[in-house]
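Asker: Protein chains in written order, with our numbering: chain C, 1 to 294; chain H, 295 to 530.
Please see the structure below; I have some questions.
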Amino acid sequence: MLLEQLINGLTLGSIYAIVALGFTLVFGVLGIINMAHGEIFMIGAFIGVLVTSVLGLPLWIAFIAAIAVTALLGYMLERIALRPLRGKQGVSHLAPLISTIGVSILLENLSHHIFGAGNHPFRNSFAEIQIQIGSITIYIVQILIFVISIALMLILSYWLSKTKAGKALRATAENLETASLLGVNTKRTITTTVIIASALGGIAGILVGMAFNSVNPQMGLSMGLKGLAIIILGGMGNVKGAMAGGLLLGVAETMIVAYGDSGYRDAVAFITIIFVLLLRPQGLFGKNTSEAGR
Amino acid sequence: MLKVKGIETFYGKIQALKGVSLEVEQGQVVTLLGANGAGKSTTMKTISGLLKPKHGTVEFLGENITGLRPDQLLRKGIALVPEGRAILSTMTVMENLEMGAYHRSDKNIKKDIEEVMEQFPILKERSEQLGGTLSGGQQQMLAIARALLSKPKLLLLDEPSMGLAPLIVADIFKMIREIKAAGTTVLLVEQNAKQALKVADYGYVMETGKVIINGEAKDLLEDARIVEAYLGKKSS
Ligand SMILES: Nc1ncnc2c1ncn2[C@@H]1O[C@H](COP(=O)(O)OP(=O)(O)OP(=O)(O)O)[C@@H](O)[C@H]1O
Ligand SMILES: [Mg+2]
Chain C
1 MLLEQLINGL
11 TLGSIYAIVA
21 LGFTLVFGVL
31 GIINMAHGEI
41 FMIGAFIGVL
51 VTSVLGLPLW
61 IAFIAAIAVT
71 ALLGYMLERI
81 ALRPLRGKQG
91 VSHLAPLIST
101 IGVSILLENL
111 SHHIFGAGNH
121 PFRNSFAEIQ
131 IQIGSITIYI
141 VQILIFVISI
151 ALMLILSYWL
161 SKTKAGKALR
171 ATAENLETAS
181 LLGVNTKRTI
191 TTTVIIASAL
201 GGIAGILVGM
211 AFNSVNPQMG
221 LSMGLKGLAI
231 IILGGMGNVK
241 GAMAGGLLLG
251 VAETMIVAYG
261 DSGYRDAVAF
271 ITIIFVLLLR
281 PQGLFGKNTS
291 EAGR
Chain H
295 MLKVKGIETF
305 YGKIQALKGV
315 SLEVEQGQVV
325 TLLGANGAGK
335 STTMKTISGL
345 LKPKHGTVEF
355 LGENITGLRP
365 DQLLRKGIAL
375 VPEGRAILST
385 MTVMENLEMG
395 AYHRSDKNIK
405 KDIEEVMEQF
415 PILKERSEQL
425 GGTLSGGQQQ
435 MLAIARALLS
445 KPKLLLLDEP
455 SMGLAPLIVA
465 DIFKMIREIK
475 AAGTTVLLVE
485 QNAKQALKVA
495 DYGYVMETGK
505 VIINGEAKDL
515 LEDARIVEAY
525 LGKKSS
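Set out below in structure tokens:
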């Protein structure tokens with residue numbers, strides 16, 4: 001029973017981690033919270049609904065379509081809503097934040113308009129397949145979600161730590177001027193980052209659709225807030241923190257529902273944040289010195 | 295090699311440079327002196343593309359490079375080691391060096407990094423350590439080594455000796471001599487006027503956004519105005 005809940009928690013947590021990675025990457029290079037990230041995630045989920053339930057195509061096509069659409073959204077977000085505000089004199093440092101809130105409202109309304117309110121089922125052929133190990137029941141879907149999430153995290157970690165483009169991203173995140181003096185085209189790096197972050201959100205959208213079988217236009221908001229909670233928990237802009245924080249929150253929420261009061265499920269994230277901020281204001285993995293000072 | 299003509303650079307409404315002109319010949323070390331706030335760093339940032347001048351032009355190897363971005367200028371051969379070193383403190387010493395060669399795609403990068411590490415054993419010893427954990431002097435070595443890995447034609451150094459102990463300062467000036475000997479042109483901003491003029495071929499002195507004196511370094515070392523303002527600490 002406990003093991004089963006742990007598996008549920010890790011499945012949910014690995015999705016949270018993917019969402020939080022998108023937040024943390026953008027925060028790292030731009031120093032802003034991308035409030036549209038949750039809605040990009042929601043659009044990814046709807047692309048999944050469209051491809052699998054409406055068009056009846058296989059799941060892998062849903063992944064490709066969601067990645068393509070959310071990557072494009074990321075590109076547009078950067079070019080239309082963020083870049084024009086950057087480095088302009090007299091533009092408040094809050095402007096890009098507000099701008100992403102605008103995009104989030106736009107995307108939510110758009111999907112409301114196109115898909116309608118309410119829940120949309122996310123069908124896939126193996127949603128009900130389960131394996132029985134002793135007294136424990138595991139759904140194949142859970143394993144798939146977990147494997148995809150962990151693989152994404154490993155790929156991203158490798159990319160950031162070992163490849164030239166990944167190092168350029170980290171250099172840009174630490175100091176934009178220094179990175180450009182070292183030959184990094186920081187505009188391009190920022191665009192790439194927002195695209196990757198958005199595509200991660202899109203993938204997470206499909207994973208949530210697979211896990212919960214239901215998708216609606218409001219789901220972006222709560223996921224966005226949780227992603228935000230996780231990066232505060234893990235340390236702003238910190239990649240390891242996003243992963244650990246996501247898994248932690250997933251397990252904590254699942255345990256509360258299983259052994260406590262399910263009504264407190266969504267409160268867990270925010271109660272955890274309050275405690276972390278009181279005890280370790282820089283987040284679990286954050287450094288003492290303020291990296292967010294830019 | 296480098297021709298700066300009448301550049302005027304602003305921070306918002308504040309005019310920091312009021313028409314600065316200077317030239318750097320290939321193979322020379324040229325030093326730029328001046329009191330705090332004279333505009334030396336602003337000049338360096340304008341040449342390297344971090345700031346864009348409102349008026350005036352910068353020419354490099356006969357090409358007008360005014361207004362290009364730092365990454366574009368690095369590809370043309372201009373590298374800046376900024377004031378305060380700008381080490382990537384969350385990346386390892388090795389990664390800092392690799393970033394130095396970021397724009398290169400030739401096969402010698404590994405070999406060049408090896409060579410740099412032979413030259414600075416401390417960097418080899420600390421190669422897996424985070425850049426931010428190095429001492430000030432070590433960070434300055436790393437910053438210069440990193441800039442050299444981009445294989446610049448013109449190296450801009452902004453106060454490399456700032457805040458370092460005299461022994462380390464001597465090391466830094468020795469390095470500058472070696473860089474010159476290896477054929478790289480250097481534009482050096484310094485507070486340490488005497489030492490700077492000793493390594494330099496030519497010198498400029500700035501005051502409140504303008505060049506007020508220029509001449510051969512050996513002449514400037516004798517120049518009464520400079521001796522009085524920057525070298526005149528003999529009594530103390
Ligand atoms: N970011 C900035 N915003 C506004 N004014 C600035 C900024 N940076 C420099 N200044 C002003 O521009 C002028 C020139 O500064 P600069 O840093 O170029 O001087 P400097 O010669 O390098 O001095 P130092 O020897 O102290 O490094 C100064 O009056 C300074 O106050
Ligand atoms: Mg200066």
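Note that CB positions come from ideal geometry on N, CA and C, so glycine has one too.
No experiment lies behind these values; they were computed from the predicted model shown.
#1: For my contact list, C/T137 and C/E4 are in at a C-beta cut-off of 8 angstroms; report their separation, rounded to the angstrom.
#2: Grouping DSSP H, G and I as helix and E and B as strand, with all else coil, what is H/K404?
#3: At 7 angstroms on the CB atoms, spell out the chain C contacts of H/S444, in chain order.
#4: Does the segment 439-448 of chain H come close enough to the segment 373-387 of chain H that 3 or more CB-CB pairs lie under 8 angstroms?
#5: Relative to the alpha-carbon of H/L326, which residue among H/A518, H/E357, H/A494 and H/L296 has its alpha-carbon at the smallest distance?
#6: Please compile the residues from chain C whose C-beta is within a distance smaller than 8 angstroms of the C-beta of H/A380.
#7: Return yes when the C-beta of C/E177 is under 7 angstroms from any heavy atom of ligand 1, and no when it is not.
#8: Could you check if C/I242 belongs to the surroundings of ligand 1, using beta carbon to heavy atom distance under 7 angstroms?
#9: Is the Cβ-Cβ distance between C/A173 and C/G22 less than 8 angstroms?
#10: Comparing the C-beta of C/Q89 with each C-beta of chain B, is any distance below 8 angstroms?
#11: Under the assumption that C/T191 contacts C/V26 (Cβ atoms under 8 angstroms), give the Cβ distance between them as a whole number of angstroms.
#12: Under 8 angstroms between the Cβ atoms of C/G220 and C/E108?
#13: Once DSSP output is grouped into helix, strand and coil, what is the label at C/H93?
#14: Take the Cβ of C/R170 as the centre, count every other Cβ of all protein chains shown within 10 Å, and call the residue buried at 16 or more, exposed below.
#15: Starting from the N-terminal end, write out each residue whose C-beta falls within a distance shorter than 7 angstroms of any non-hydrogen atom of ligand 2.
#16: With distances taken between CB atoms, is the gap from C/G283 to C/M236 smaller than 8 angstroms?
#17: Below 9 angstroms on C-beta distance, what does C/K240 contact in chain H?
#18: Would you report the Cα separation of H/H349 and H/T360, rounded to the nearest angstrom?
#19: Quick check: does the Cβ of H/G331 come within less than 7 angstroms of any heavy atom belonging to ligand 1?
#20: What first and last residue would you give for the alpha helix (DSSP H) that runs through H/T337?
#21: Less than 7 angstroms between the CB of C/I67 and some heavy atom of ligand 1, yes or no?
#22: Under three-state DSSP, which class holds C/G260?
#23: Mind pulling the chain C residues with CB within less than 9 angstroms of H/H349?
#24: Just to confirm, are H/G531 and H/V387 a CB contact at a threshold of 8 angstroms?
#25: Do we get a CB-CB distance below 8 angstroms when we pair C/R170 with the residues of chain H?
#26: Does the pairing of the segment 122-140 of chain C with the segment 68-78 of chain C give three or more beta-carbon distances under 8 angstroms?
#27: Using the C-alpha atoms, what's the distance from H/L311 back to C/G90?
#28: If we define contact as Cβ-Cβ less than 8 angstroms, is H/M393 a contact residue for chain C?
#29: Go ahead and label C/V54 buried or exposed: buried means 16 or more other beta carbons lie within 10 angstroms of its beta carbon, across all protein chains shown.
#30: Could you give the residue range of the alpha helix (DSSP H) that holds C/G227?
#31: Are there 16 or more other CB atoms within 10 angstroms of the CB of C/P121, so buried, or fewer, so exposed?
#32: Cβ of H/Q485 versus every heavy atom of ligand 1: is any distance shorter than 7 angstroms?
#33: Going residue by residue through the segment 440-477 of chain H, where are the continuous alpha helix (DSSP H) segments of at least 4 residues, counting only ones entirely within it?
#34: Give, in chain order, every unbroken run of the alpha helix (DSSP H) that is at least 4 residues long and sits entirely within the segment 110-163 of chain C.
#35: Using a C-beta to C-beta distance shorter than 9 angstroms, which residues of chain C count as neighbours of H/Y396?
#36: Helix, strand or coil: which one does DSSP assign to H/Y396?
Answerer: Judging by the given coordinates:
#1: 7 angstroms
#2: helix
#3: G183
#4: yes
#5: H/A494
#6: N175, E177, T178 and L181
#7: no
#8: According to the sequence as given, residue 242 of chain C is Ala; it is not Ile. No - ligand 1 has no heavy atom lying nearer than 7 angstroms to the Cβ of C/A242.
#9: no
#10: Absent from the structure: chain B. Protein chains present are C and H.
#11: No, C/T191 and C/V26 are not in contact; Cβ-Cβ is about 11 angstroms, not under 8 angstroms.
#12: yes
#13: coil
#14: buried
#15: H/K334, H/S335, H/E377, H/D452, H/E453 and H/V483
#16: yes
#17: The contacting residues do not exist; C/K240 stays about 12 angstroms from chain H at best.
#18: 10 angstroms
#19: yes
#20: K334 to S342
#21: no
#22: coil
#23: Within 9 angstroms Cβ-Cβ: nothing; H/H349 doesn't reach chain C, min ~18 angstroms.
#24: Because chain H spans 295 through 530 in this model, residue 531 of chain H falls outside it and cannot be assessed.
#25: yes
#26: no
#27: 22 angstroms
#28: yes
#29: exposed
#30: M219 to G234
#31: exposed
#32: yes
#33: 460-475
#34: 140-162
#35: K164, K167, A168, A171, A179, L182, G183 and V184
#36: coil
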